[in-house]
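Quick note on UniProt numbering: the sequence shown kicks off at 1 and runs consecutively. Working notes, beginning with the structure itself.
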Amino acid sequence: MDLKGKEKFHSVNYLIGLAQCLIGRNTLIDLQNEASVAGTIVDVDGFMNVTTENVVYIDQLGRQYLLDSLVIYAKYIRYLHIPKDMNIKSSFEDYINSMTRKKKPAEKKLTFRQKRSMLNNFATMVENNMV
């Protein structure tokens, strides 16, 4: 999953990351038009467009259609059913930790003034036998 710029921002700061935790799992997705899609989620982009495989499309009348793959645009998704065996909190935390990078503390260089001050302090401590 290669997310860049805005997609990465959306995936970490909104609940799109929750949908990305479901990649590789069989899930039921309810659509805005009262239809449903059941299948394995293959990909979720940064705008929550979902790509699925081995899909069963269930229309409003309950008729079922088998499809190899299906792309669902975000504006058509009403609800994602999260599998009961999935601990969503720990999965989402792991996902957030993998997407965000930790900043290493930068070592500050001492300025000439700071170095001179430290040397003077050290010299004073030596004179007073504190070191």
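Where a beta carbon is used, it is the ideal one built from N, C-alpha and C, also for glycine.
For residue i, the first and last residue of its enclosing alpha helix (DSSP H)
i: residue 5; result: 5-13
i: residue 116; result: 112-127
i: residue 19; result: 16-20
Contacts around residue i, its chain only, beta-carbon distance under 6 Å, and the 5 residues preceding and following it disregarded
i: residue 65; result: 57
i: residue 62; result: none
i: residue 72; result: 50
Residue i Cβ short of 7 Å to the ligand ADP heavy atom set
i: residue 15; result: Absent from the structure shown: the ligand ADP. Ligands present: none.
Limits of the beta strand (DSSP E) - the one that residue i falls within
i: residue 60; result: Residue 60 -> no beta strand (DSSP E), and no H or E assigned at all.
Whether residue i touches residue j by CB criterion (8 Å)
i: residue 44; j: residue 50; result: yes
i: residue 77; j: residue 31; result: yes
i: residue 99; j: residue 42; result: no
i: residue 27; j: residue 110; result: no
Cutoff 8 Å; reference residue i; Cβ partners in own chain excluding five residues on either side
i: residue 133; result: This structure gives no information on residue 133, because the portion of the chain shown stretches from 1 to 131.
i: residue 47; result: 7, 10, 16, 74
Pick from the options that is closest to residue i, judged by C-alpha positions
i: residue 39; options: 90, 47, 7, 29; result: 29
i: residue 95; options: 5, 126, 22; result: 22
i: residue 88; options: 20, 13, 5; result: 20
i: residue 25; options: 91, 14, 5; result: 91
Cut-off 7 Å between Cβ atoms - residues of its own chain near residue i, not counting five sequence neighbours on either side
i: residue 67; result: 55, 57
Segments assigned beta strand (DSSP E), at least 3 residues, entirely inside the segment 23-95: If we require 3 residues or more, the beta strand (DSSP E) runs fully inside the segment 23-95 come out as 26-31, 36-44, 50-58, 64-72, 77-81.
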